[in-house]
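Step one of this worksheet: look at the structure below.
Protein chains: 2
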Amino acid sequence: MQEGRLADRAYAGIIEIINTEDLEIGNRLPSEARLAEIFGISRTMVREALVRLAADGITEARRGAGSFVKRRPSMRLGSHMQMMDLSATMGSYEVRFVLEAEAARLAAMRRSVEQMGAIQRAMTNLRKALVSTGPAHNEDMLLHRAIVLATANPVFLSCFDHMHEEVDRIMRAGVDISRSRPPEAIGAMLTEHEMIVEAIKVQDGDGAALAMRWHLSQGRKRLMP
Amino acid sequence: MQEGRLADRAYAGIIEIINTEDLEIGNRLPSEARLAEIFGISRTMVREALVRLAADGITEARRGAGSFVKRRPSMRLGSHMQMMDLSATMGSYEVRFVLEAEAARLAAMRRSVEQMGAIQRAMTNLRKALVSTGPAHNEDMLLHRAIVLATANPVFLSCFDHMHEEVDRIMRAGVDISRSRPPEAIGAMLTEHEMIVEAIKVQDGDGAALAMRWHLSQGRKRLMP
DNA sequence: TGTCAAAAGTTGTATAACAGATAATGGAGG
DNA sequence: CCTCCATTATCTGTTATACAACTTTTGACA
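So the sequences go chain by chain: A and B. Just so we're on the same page, the numbering used here is the position in the first sequence counted from 1, plus 498. Just so we're on the same page, the numbering used here is the position in the second sequence counted from 1, plus 498.
Following this line, the structure appears as structure tokens:
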């Protein structure tokens, strides 16, 4: 590791402190000055990390008092699934199944020519990014978003944006997800997306929904086999 | 309004800039120094806001170049409404169809005894409110929320809350919603809800989903015949 | 022992400065 | 006029310092 900005290291470092020191909810963590001393960086960078941790709901800062643990960072992902609460990853796929499959159907039925153009442009971008740089997490999302946009339903789009925002936040607080995929998975991903786009192009609603469900099921398998 | 720390206001202010200036994905937003000038605060506070925005995946900072829009913040429905064909009311029902029907199915399959109790309590509240005061918009929502809660899927719940928040805001800003319903409609609403709750009780997933779809289709008809 | 004001510690905010990277500018040469 | 390239301007990343606002601890005094 040891990559990225100093604030990133501080972010990871503080989470590690919470875990290794076994700080319970409500416990106070070292002061910003002390953390800066520990990590050998400036207080400014420690603050940036703490601001992000607070935004993630993991810590809470009280002026004059200190920063406190608000929620333990969820380490268990995948195998350790609690009985009551599904993991964010699993949960997000459940929602995406219903939301995006229906979005694909509506997009196929209602898409305008401009929206179809936007979808195909997003597809081109994804193709380019996948073969060159690899993961292309962002381009992937943008294609899905273009499809949701083509539903002409503002509530769909709003929910889509919200979901991705939330899930990204939760995942960032947990373990990393951006592992590199094998080359054959990249080819499969491209084909799956192309099937969706093609179905929308020929305005085949059922086909688009089906292709989207298939794509998501494969994606889930790729993420947690 | 105008609450909280300066960084919070900057966070909201930058999102507002993205929305009102209609900055597309990839567009550059004003420099940190310029933003500090605009908001009348220090660059330090602007940076804290930008760090959070970046952590939320909304912006992306490139050293030497500036900060750029990476993903549009979850939309306030009002701003892009004119671009969209569907009304928020119509659109929300489309989303509720897929989201809540599936939630009812999952709730039927996974609900714990405690969650079943919560659902039945919400049902009792709704029944009481409907026969006495009339509309019972809030009790209705709480029953639906209890069902979503029983899916044990935090992402489902998050999307449900978000959708209702957004749609409520739009409707409050717009025209009527709380018109009085005829008495036979009240009886029908009660029966529909009871069918959903009963299906969840006997853990009939398909039945719950079907009952939910039927209820929502009736509700839409009642709202806009 | 109990009260309470002073002190010490901590977060919130501002300012200045510089390093490291990118974008814009403006000539020199075709 | 256009292209190439070095210079300059601009922007983010990071550090240091200082003070304001608030909370907790300390310690003296009653």
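Just so you know, even glycine gets a beta-carbon here, dropped at the ideal spot from N, CA and C. Values in this document were obtained by computation on a predicted structure and should not be read as measured data.
The shortest CA-to-CA distance from Glu530 of chain B to any of B:Phe654, B:Gly564, B:Val593 is the one to B:Gly564. Taking a contact to require three or more Cβ pairs closer than 8 Å, the region 596–611 of chain B and the region 647–654 of chain B qualify as touching. DSSP places Glu558 of chain B in the uninterrupted beta strand (DSSP E) bounded by 557–560. Assignment of Val700 of chain B by DSSP, reduced to helix, strand and coil, places it in the coil class.
Burial check for Thr622 of chain B: the Cβ neighbour count within 10 Å stays below 16, so the residue is exposed. Under the three-state reduction of DSSP output, Gly538 of chain A falls in the coil class, being neither helix nor strand. With contacts defined as CB atoms closer than 8 Å, Pro571 of chain A and Ile523 of chain A fail to qualify as a contacting pair.
Considered as a whole, the region 623–663 of chain A harbours no complete run of any beta strand (DSSP E) with no fewer than 3 residues. Those residues of the region 644–655 of chain B placed with their C-beta closer than 7 Å to a C-beta in chain A are Ala650, Asn651, Pro652, Val653, Phe654, ordered along the chain. Among the residues of chain B, those whose CB is under 8 Å from the CB of Leu597 of chain A are Val593, Val596, Leu597, Cys657, following chain order. Classified as exposed, Asp520 of chain B has fewer than 16 neighbouring CB atoms from the shown chains inside 10 Å of its CB.
In the three-state reduction of the DSSP assignment, Leu521 of chain A falls in the coil class. For Ser529 of chain B, there is no enclosing beta strand (DSSP E), as DSSP gives it neither H nor E.
For Ser565 of chain B, no CB of chain A lies under 8 Å from its own CB, so it is not counted at the interface with that chain. Counting along the chain, no beta strand (DSSP E) covers Ser610 of chain B, and no H or E run does either. For the region 520–549 of chain A, the set of positions with a beta-carbon nearer than 8 Å to some beta-carbon of chain B reads Thr542, Arg545, Glu546, Val549 in chain order. Arg603 of chain A places its beta carbon 8 Å or farther from that of Ala709 of chain A.
Across the set B:Arg625, B:Leu533, B:Met543, the C-alpha of B:Met543 shows the shortest separation from the C-alpha of Asp506 of chain B. Look at His660 of chain A: its C-beta is under 8 Å from a C-beta on chain B. About 6 Å separates the beta carbons of Ile512 of chain B and Ala547 of chain B, which is inside the 8 Å limit, making them a contact pair. Judged by their CB atoms, Leu640 of chain B and Met687 of chain B are not nearer to each other than the 8 Å cut-off.
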